[in-house]
Structure formats: C-alpha cells, structure tokens
Amino acid sequence: MPTLIVVLFGAVVSSVAQTTESASVLPYLNPSLPTNQRVDDLVARMTLEEKASQLVNQARAIPRLQVPAYDWWSEALHGVANAGTATVFPEPIGLAATFDVPLIHEMAVVISTEARAKHNQAVRAGRRDIMEGLDFWSPNINIFRDPRWGRGQETYGEDPFLTGRMGVAFVTGMQGDDPKYFRVISTPKHFAVHSGPEPSRHTITWKYRSTTWRTLSARFPRRRY
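Residue 202 in our numbering sits at position 199 of the sequence shown, with consecutive numbering throughout.
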C-alpha cells in the first residue's frame with residue numbers, strides 16, 4: 004500500500020511543482036526532499052474528505068494545499084489517445100506479431116515522450132482534463148482467450164510468455180530509466196484472467212480452476228518496472 008500511495012500521489016506532487024513558482028517551507032512542496040517524505044507530509048495534512056476526493060479518476064483540487072485537480076484516466080495502448088493529434092502505431096495484437104520486444108520498448112519511449120509534452124502543454128493552458136494526465140491505463144496484458152470478448156485487439160494475444168515480454172518492454176519504455184522521476188506512469192490492465200463477456204463483466208462472478216489462473220496469467224520477471 005505505501006508503494007501505491009507514493010506512485011499515485013507522486014504524480015500529483017509533480018503537478019503541484021508546475022503550478023508553484025517557488026517551493027515554500029512546507030516539506031511536500033520541497034523538491035529536494037525524498038519523495039516518500041513529501042508524500043507522507045502531504046497526506047498527513049489532508050482531511051478525511053480531501054483524501055476521499057482523491058479516490059476517483061477525477062481527483063478534486065485542494066486549493067488550501069496548492070494541490071491542483073488531476074484526472075488519472077489517460078490511454079496509450081498504441082499511441083496517446085483522445086488528446087488531440089498524436090502518433091498512432093498498430094494495434095497491440097499486430098505489434099505482438101512482430102515478436103520484436105526491443106521495438107515495443109522504443110515505441111513506448113516515443114509514446115510517453117509525446118504524452119509528457121502533451122501534459123505540459125495542457126497544464127500551461129490551464130487544463131487538467133481527462134486524457135491529459137501522466138498516468139496511462141496501458142498496456143492491456145489480458146490473455147486473448149476468446150474472440151467473442153470483443154477487445155482482443157488491445158492485447159498481445161494468447162501466449163502468456165510473449166505477453167509478459169511485451170508488457171515489460173512497454174512499461175519500462177513508458178516510465179523511463181531516470182532514478183528519481185518517471186516520464187509517465189504505465190498502469191497495466193485488467194484484473195488477472197479478465198477477458199470474459201464485456202457487457203456483463205461488472206455484474207457476474209466467474210469461477211476459474213487453478214490451472215486456468217496459471218495458464219492465463221502473463222509471465223513477468225521479478226523486477227521494478
């Protein structure tokens with residue numbers, strides 16, 4: 004849970020820095036301090052209501068703490084989506100057919116660099132809208148089990164090993180290799196073994212055998228993404 008909080012509020016703290024001319028004495032506004040310390044300080048100053056207001060994708064502004072509004076929902080499966088003109092690459096199912104893991108990494112670097120530029124441009128224009136943030140709900144690492152699902156084109160196909168390799172390449176390409184700052188945050192989706200009937204996924208319960216979980220979960224190495 005602490006790691007999740009650092010990732011989530013780290014993006015907000017980054018946005019705060021863009022709207023504040025100079026950091027005050029408050030620790031969370033001091034970019035020279037460790038991220039964990041800044042996050043802890045910010046969260047400690049928030050009321051329960053303010054914390055609750057951050058638990059939706061359209062996170063509310065907290066003017067008294069100089070925290071701007073922020074929308075966590077952006078998409079970039081094969082290019083920055085729904086945020087104006089952007090470079091568009093083939094659908095992931097086609098990208099997987101290349102079997103070229105380094106190429107996927109290079110593509111993700113291009114996407115995230117463009118995404119960061121678009122976010123900076125939006126902030127300068129005074130916008131904090133949906134699809135203009137730094138957190139991207141990509142890649143889709145569900146295993147494509149059945150074409151009737153309807154979203155197989157978003158995935159890297161039916162093979163867990165290939166999906167794992169492609170997913171790691173995408174995430175590391177998006178987030179970059181800076182030791183302190185992410186270029187953007189890549190959020191793989193969806194829940195493990197997701198990819199059942201789309202219309203009823205919010206209302207029904209699926210029961211899977213343990214062999215299904217082992218077979219249909221993408222294979223990822225133990226490492227920091």
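Note that CB positions come from ideal geometry on N, CA and C, so glycine has one too. Remember, predicted model here, so these are calculated numbers, not experimental data.
> What separation, rounded to the nearest whole angstrom, lies between the Cα atoms of residue 79 and residue 35?
Replying inline: 31 Å
>> On the DSSP bridge list, what partners appear for residue 62?
In response: 73
>> Using a Cβ distance threshold of 8 Å, determine whether the segment 157 to 170 contacts the segment 98 to 116, with at least three qualifying pairs required.
In response: yes
> Does the pairing of the segment 125 to 132 with the segment 175 to 184 give three or more beta-carbon distances under 8 Å?
Replying inline: no
> At a cut of 8 Å, does the segment 60 to 71 reach the segment 80 to 91 through at least three beta carbon pairs?
Replying inline: no
> In whole angstroms, what separates the C-alpha of residue 94 from that of residue 45?
Replying inline: 39 Å
>> For residue 140, tell me which candidate among 49, 190 and 197 has the shortest Cα-Cα distance.
In response: 190
> Hey, how far is the Cα of residue 167 from the Cα of residue 28?
Replying inline: 44 Å
> What residue ranges within the segment 84 to 153 form continuous alpha helix (DSSP H) runs of no fewer than 4 residues, ordered along the chain?
Replying inline: 95 to 99 and 104 to 127
> From residue 90 to residue 114, what does the alpha carbon distance come to, in whole angstroms?
Replying inline: 7 Å
> With a CB to CB cut of under 6 Å and the five nearest residues on each side skipped, what residues in its chain are close to residue 212?
Replying inline: none
> From the DSSP output, which residues share a beta bridge with residue 183?
Replying inline: Per DSSP, none; premise fails for residue 183.
> By Cβ distance below 6 Å, which residues in the same chain neighbour residue 53 in space, the five residues on each side in sequence not counted?
Replying inline: 65
> Quick one: is residue 243 buried, meaning 16 or more other Cβ sit within 10 Å of its Cβ, or exposed?
Replying inline: One cannot answer for residue 243 here, as it falls past the ends of the chain, which runs 4 to 228.
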